[in-house]
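J.: Below you will find the structure I want to go over with you.
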Amino acid sequence: MHILVIGLNYKTAPVEIRERFAFKEELKESAVQTLKATRSIQECVIVGTCNRTEIYAVVDQLHTGRHYIKTFLAGWFGIAKEEFVDSLYIKEDDEAIRHLFRVVCGLDSMVLGETQILGQIREAFLLSQGLKATGTIFNTLFKQAITLAKRAHSETDIGKNAVSVSYAAIELGKKIFGYFDDKTVVILGAGKMGELTGKHLRANGVNHVIVVNRTFERAQSLADKLDGKAYVMDDLFTALIKADIVISSTGADGYVVTKQDIQSISRKRKHRPLFMIDIAVPRDLDPGINDLDNVYLYDIDDLEGIVEANLQERAREAEKIGIMIGEEVGMFKSWLNTLGVVPLITALREKSVAIQEEAMRNIENKLPELNEKQLRLIRKYSKSIVNQMLHDPLVRMKEMAGQSNGEEALELFVKIFALEEEMKKQKEIKERAESEKTELRFPKLGVSEAPIRS
Amino acid sequence: MWIQSWVFDLTIYIYAASVLLYFSDFMQSNRRVNRSAFWLLAVVWILQTAFFVTQMVVKDYFPVLTLFETLFLYSWIIVSLSLIINYLFKMHLLVFFSNIIGFAVMAIALFANPNATPALSTQLTSELLFIHISLAFISYGALSISSVLSGMYLLQNKLLKEKKWNPLLLKLPSLDILELYAYRLAMIGVPTLLLAIILGMIWAYVVVKHSVWLDPKVLMSLVVIFGYGTYLYQRITASSQGKKLARLNVVAFTTILLNYLVSGSISSFHQWLR
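Which chain is which? The protein sequence lines are Y and Z, in order. Numbering-wise (our numbering), the first sequence opens with residue 1 and increments by one. Numbering-wise (our numbering), the second sequence opens with residue 455 and increments by one.
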């Protein structure tokens, strides 16, 4: 049993390739069912977003798993394998678990630490779970991954800060005003950037917008979009007196607002804090304005500096999450190893019970004079000997299975107690039961190739 | 008595642990550490309250008459206010900064004699005096937190002006919020202080029997009231805002500290605070 991830994302494939591998929403169910019915696949989850297409699978053997997943991708999208194999990445076992944890925490995303992917992976998992395409391993792994991502976002500041210029401006505004409900925004110039920041501010609660432009018509047009008022340049001072936030993006050559201008209206503004954002190049607002008390002036470079600082902060927080992921991978592996112990315990118990039963039959044959009470007593104590003898090996087996070399330890136990036959029998019983279940599960698919699990 | 001493020492240790955890959260954001710090602070409050009540029972008076008792009361008020603020507004940084003051006060109390007897005879103590002192320390508590908020305002203003976008800036509440709560706490602290002074004056007229107007403590108290009066007037009339107002609040608070530490020691009738 192995865990496998095969996929492509924005790092390995350009959008021209990614768009050809996008699972259509309405066909996702069918894709999961087809994949689940594919040879070698025991459990599967398909994650499809605009930046990545990934198949997570539990497979019986790595090489067959890889082969059949690639064949599935080629068949489903109708693209020859040779065309896309170079864009694929393949991660196995520990690396696959680590990859899932990184993806779900947003560490593998284009915008580091974004949370949208958490919802997308959750949906993908629930879809597979609903279709019974997941089992013991993925049910535990994906639940652990989702819990980890929630913890990572709540215990670190990875998703806290803005990573775009417009949002950085909003964040700065919030540092000054807290809320924008009763604040007035003045947009100088009816350009695209001013409009975008104005829209963000409106979405964040600003109710009063004034657009100031040389031509009244353009000012009116933007003001209509933002549900605000339009002023011409002659009314600039009236607008500035009302303003709490000023966004300037005119195409003027010189400064549109100088330090003296702001000084002269400071009294009329009752010294209220003023946040000024200059996104024009060349700049519209005199840099000397920032020297005035209660006035905060930020130009485009300052805002980009904030974005950069936030990205660095996210990278620092990502390191913390990396440590969490390391711990979680270890925990999952321990659990996974103990999973292998269950059939071994059953096999050992069955063998010991068989030996004890055999011994009881021999006693009954050789000592026919024993009455029922005596036989019951012998049965009871012989069972007790077997149980006591098995107790310590079973405890040790569980302990060792959780360690890094758990698989080797389990193999050793199989050899020591000569359980090969019992293990084989158990495997056959399990396979029979699963294949019967699968045939019942997909009666309408008409998949000619019956799922074979070795 | 040894149990009281033991409780006081334990409180100091737990308080230190809480402040250290808040410091750790301040340096490297960690919500779990922050939560632990908060619960330790809650334990500190319980122990302080228990200690205060025990003192009241053992000494058979409201324990606010000696230096140790007043420092202890002041520390208790700061812990109480910071717990309320943390519960209502989740300003973790304010709790941290306030409790640096609270812990320092408690540590200073460690050096004062907890068993000192009040210098005033029982004939000179009255309900009026207890109310005067209690109100004064309630106002000190409110004005301390107010000045911490103004200090945070000045710090944030500096960071914003210098465009230093760092984790510290991200942890600070907005300027508007800091300014608003500093003002509200001053609005609670100033009238309370004024009331405390008026009651103190009445007590002095009744008990001290000589003019107290030229006493340094009284004169300095008038300076404190003038400082805070100016702050409130400028805030209400909007003749000044933001940085200037915050600076004025911090300056006014330093006059309180001077009044308590310096004027108190040279006052002719505040000598009972020892």
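For every residue, glycine included, the Cβ atom is placed at its ideal position computed from N, Cα and C.
Would you report the Cα separation of residue 397 (chain Y) and residue 413 (chain Y), rounded to the nearest angstrom?
T.: Distance between the alpha carbons of residue 397 (chain Y) and residue 413 (chain Y): 8 Å.
J.: Nearest by alpha-carbon distance to residue 184 (chain Y): which of Y:239, Y:265, Y:141 is it?
T.: Y:239
J.: Contact between the stretch 202-211 of chain Y and the stretch 173-187 of chain Y: three or more CB pairs below 8 Å?
T.: yes
J.: Taking a Cβ distance cut-off of 8 Å, strictly less, list which residues of the stretch 613-624 of chain Z are near chain Y, in chain order.
T.: 614, 615, 617, 619, 620, 621, 623, 624
J.: In whole angstroms, give me the CA-to-CA distance for residue 583 (chain Z) and residue 310 (chain Y).
T.: In a straight line, the C-alpha of residue 583 (chain Z) is about 55 Å away from that of residue 310 (chain Y).
J.: Of the residues Y:405, Y:173, Y:13, Y:293, which one's Cα is nearest the Cα of residue 272 (chain Y)?
T.: Checking every option, the nearest Cα to that of residue 272 (chain Y) belongs to Y:293.
J.: Taking only three categories from DSSP, how would you classify residue 316 (chain Y)?
T.: helix
J.: Alpha carbon to alpha carbon, how far is residue 405 (chain Y) from residue 437 (chain Y)? Give it in angstroms, no decimals.
T.: Caution is warranted here: a pLDDT of 48 is assigned to residue 437 (chain Y), below 50, making its placement in the model unreliable, and the coordinate value is therefore given only provisionally. The alpha-carbon atoms of residue 437 (chain Y) and residue 405 (chain Y) are separated by roughly 33 Å.
J.: Residue 712 (chain Z) by DSSP, collapsed to three states: which one?
T.: The three-state reading of DSSP puts residue 712 (chain Z) in helix, counting H, G and I together.
J.: Count the other CB atoms within 10 Å of the CB of residue 278 (chain Y); is the residue buried (16 or more) or exposed (fewer)?
T.: buried
J.: Which residues does DSSP pair with residue 50 (chain Y) in a beta bridge?
T.: According to DSSP, residue 50 (chain Y) bridges with nothing at all.
J.: Considering only C-alpha positions, which residue in the set Z:658, Z:624, Z:521 is nearest to residue 561 (chain Z)?
T.: Z:521
J.: Spell out a yes or no on whether the stretch 470-483 of chain Z and the stretch 503-520 of chain Z are touching, meaning 3 or more CB-CB pairs, one atom from each, closer than 8 Å.
T.: no
J.: Between residue 555 (chain Z) and the rest of its own chain, which residues show a CB-CB distance below 8 Å, the 5 nearest in sequence each way excluded?
T.: 532, 598, 602
J.: Could you give the distance in angstroms between the alpha-carbon of residue 357 (chain Y) and the alpha-carbon of residue 385 (chain Y)?
T.: 13 Å
J.: In chain Y, which residues lie less than 8 Å from residue 485 (chain Z) when you measure between Cβ atoms?
T.: 154, 155
J.: Let me know if residue 331 (chain Y) comes out buried or exposed under the rule of 16 or more other beta-carbons within 10 Å of its beta-carbon.
T.: exposed
J.: So which of Z:471, Z:472, Z:609, Z:588 has the shortest CA-CA distance to residue 649 (chain Z)?
T.: Z:588
J.: I'd like to know whether the C-beta of residue 698 (chain Z) is nearer than 8 Å to at least one C-beta of chain Y.
T.: yes
J.: So residue 176 (chain Y) contacts chain Z; which residues on that side make the cut at Cβ distance below 8 Å?
T.: In chain order: 614, 628, 629, 630.
J.: In or out: residue 459 (chain Z) buried (at least 16 other Cβ within 10 Å) or exposed?
T.: With fewer than 16 other Cβ atoms within 10 Å, it is exposed.
J.: Examine chain Y for any beta-carbon lying closer than 8 Å to the beta-carbon of residue 636 (chain Z), and answer yes or no.
T.: Closer than 8 Å: no.
J.: Please list the segments of the alpha helix (DSSP H) lying wholly inside the stretch 469-540 of chain Z, counting only runs of 4 or more residues, in order along the chain.
T.: 485-513
J.: Just to confirm the assignment, what range does the beta strand (DSSP E) spanning residue 180 (chain Y) have?
T.: Note, residue 180 (chain Y): premise wrong, no beta strand (DSSP E); not H, not E.
J.: If the cut-off is 7 Å on Cβ atoms, which residues from the stretch 681-705 of chain Z count as contacting chain Y, listed in chain order?
T.: Residues 692, 694, 695, 696, 697, 698.
J.: Does DSSP classify residue 250 (chain Y) as helix, strand or coil?
T.: coil
J.: Between residue 105 (chain Y) and residue 74 (chain Y), which are expected to be in contact by the criterion C-beta below 8 Å, what is the C-beta distance as a whole number of angstroms?
T.: Contact between residue 105 (chain Y) and residue 74 (chain Y) does not hold, since the beta-carbon distance rounds to 31 Å and is not under 8 Å.
J.: Per DSSP, which one or two residues make a beta bridge with residue 44 (chain Y)?
T.: Y:57
J.: Pull the bridge partners of residue 208 (chain Y) from the DSSP assignment, please.
T.: Y:184
J.: Tell me which same chain residues have a C-beta within less than 7 Å of the C-beta of residue 643 (chain Z), skipping the five on either side of it?
T.: 593, 596, 597, 600
J.: Would DSSP call residue 353 (chain Y) helix, strand or coil?
T.: Of the three classes helix, strand and coil, the one that applies to residue 353 (chain Y) here is helix, per DSSP.
J.: Run the CB neighbour count on residue 420 (chain Y), radius 10 Å, all protein chains shown included, and call it buried at 16 or more, exposed below.
T.: exposed
J.: Among Y:163, Y:267, Y:266, Y:280, whose alpha-carbon lies nearest the alpha-carbon of residue 252 (chain Y)?
T.: Y:280
J.: Is there a Cβ of chain Z sitting closer than 8 Å to that of residue 273 (chain Y), yes or no?
T.: yes
J.: What does residue 328 (chain Y) reach in chain Z if we use C-beta pairs closer than 9 Å?
T.: In chain order: nothing, as chain Z lies at least about 16 Å away.
J.: Let me know the secondary structure DSSP gives residue 687 (chain Z) once reduced to three states.
T.: In this structure, residue 687 (chain Z) counts as helix in the three-state DSSP scheme.
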